[in-house]
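Colleague:
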Amino acid sequence: MDINKLNKDNIFNVGNLAYHEKNIKAVSFNFHTPYPDTKSLALTKNEKYECCKKIEGMMAAGIPVFNLKSTFPYMINNSFPRPTYQCEVIQEGKTWFCGRCIDIKGMCDNCGFMFVCEYALAFSGNVRVLLDMLFTYIKYI
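So in this note's numbering, spot 103 of the sequence shown is number 86, and the numbers just go up one at a time.
Structure (structure tokens):
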């Protein structure tokens, strides 16, 4: 789920769906990355914090979430290293490292892709994130 201003109140509904649908192993969340025509959908730092608190609550309740709690402060503060070359996106024959927005000036500064944050911190040697990744991936993969 890409969380934005329009759907931020539906986080629990999406998690609950993942919990009750036998064919869904887990749900993964991202924050809206404000592409030029969608800046109005971007969340504030406080909104990101509130969303992360909701997601943490769902994790504690056993709802299957495929995100790393240890990276939430970095996502909220937008303070993780980027770009990361461990992520590769391929679409219609074109390849991007990190994410498609890397080609748009200033977009990395407002990255909402939690997997980019997770990989960037893990491959930077953040032990807490590495352990969180290990246990989360074992649970859902």
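Cβ coordinates follow ideal geometry from the N, Cα and C atoms, glycine included.
Please report the Cβ distance between LYS(-9) and CYS34, rounded to the nearest whole angstrom; I am assuming they are in contact, meaning their Cβ atoms lie under 8 Å.
Modeller: 6 Å
Colleague: If you draw a straight line from the alpha carbon of LEU26 to that of PHE12, how long is it in whole angstroms?
Modeller: 14 Å
Colleague: Quick one: Cα of GLU118 to Cα of VAL(-3), how far?
Modeller: Looking at the sequence itself, residue 118 is Phe, so the reference to Glu does not match. Straight-line Cα distance between these residues: approximately 22 Å.
Colleague: Quick one, are the C-beta atoms of PHE49 and VAL110 less than 8 Å apart?
Modeller: No. Outside cutoff.
Colleague: Distance, Cα to Cα, MET42 vs LYS88?
Modeller: Annotation: MET42 to LYS88 spans about 35 Å, alpha carbon to alpha carbon.
Colleague: Could you say which of TYR18, SER23, ARG65 lies nearest to LYS(-12) if we only look at CA atoms?
Modeller: SER23
Colleague: Just the Cα atoms here: how many angstroms apart are ASN60 and LYS28?
Modeller: 7 Å
Colleague: To the nearest whole angstrom, what separates the beta carbons of THR16 and GLY95, a pair I think is in contact under 8 Å?
Modeller: 4 Å
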